[in-house]
Amino acid sequence: MYECLIADFLIKKGLPLFFYKNETTKREIDFLTQREGEVLAIEVKSGRGRARSLQHLMEDKKVSQAVLFHDGNVGEEDGIRFYPIYMAMFL
0 MYECLIADFL IKKGLPLFFY KNETTKREID FLTQREGEVL AIEVKSGRGR ARSLQHLMED
60 KKVSQAVLFH DGNVGEEDGI RFYPIYMAMF L
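With numbering that gives the first Met the number 0, you'll find the sequence shown wraps up at 90, consecutive numbering, no jumps.
Below is the structure:
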């Protein structure tokens with residue numbers, strides 16, 4: 000459900016949306032988009048889950064920006080920015 004909300008915000012901003020899945024490791028990223036010439040990886044969690052897929056994608060593919068929308072507060076850890084889901088409209 001939250002993924003649909005985030006997708007709606009991104010589409011309304013005119014951003015292209017892509018999905019990433021690594022068949023070998025089974026890691027997935029909910030959304031990849033391009034903004035200001037850089038790839039932005041976006042993950043959506045309904046709880047306070049870990050962002051392992053984002054961490055691995057940043058290391059492996061050199062994605063420069065990663066955002067996790069979740070039920071928690073604003074923060075940053077290991078280069079991943081954390082935002083409450085309601086802040087997606089400001090992306």
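Where a beta carbon is used, it is the ideal one built from N, C-alpha and C, also for glycine. Predicted model, so just to flag it, every value in this text is computed and none were measured.
Subject >> Residue of 20, 55, 32 minimising C-alpha distance to residue 79 >> reply: 55
Original post:
Start and end of the beta strand (DSSP E) containing residue 84?
Top reply: Note, residue 84: premise wrong, no beta strand (DSSP E); not H, not E.
**OP:** Identify which residue in 17, 88, 14, 84 has its Cα closest to the Cα of residue 0.
**Re:** 84
**OP:** Report the rounded CA-to-CA distance for residue 30 versus residue 59, giving the unit in angstroms.
**Re:** 17 Å
**OP:** Compute the distance between the beta-carbons of residue 91 and residue 87, then report whether it is under 9 Å.
**Re:** In the structure as shown, the chain begins at 0 and stops at 90. Residue 91 is therefore absent and cannot be evaluated.
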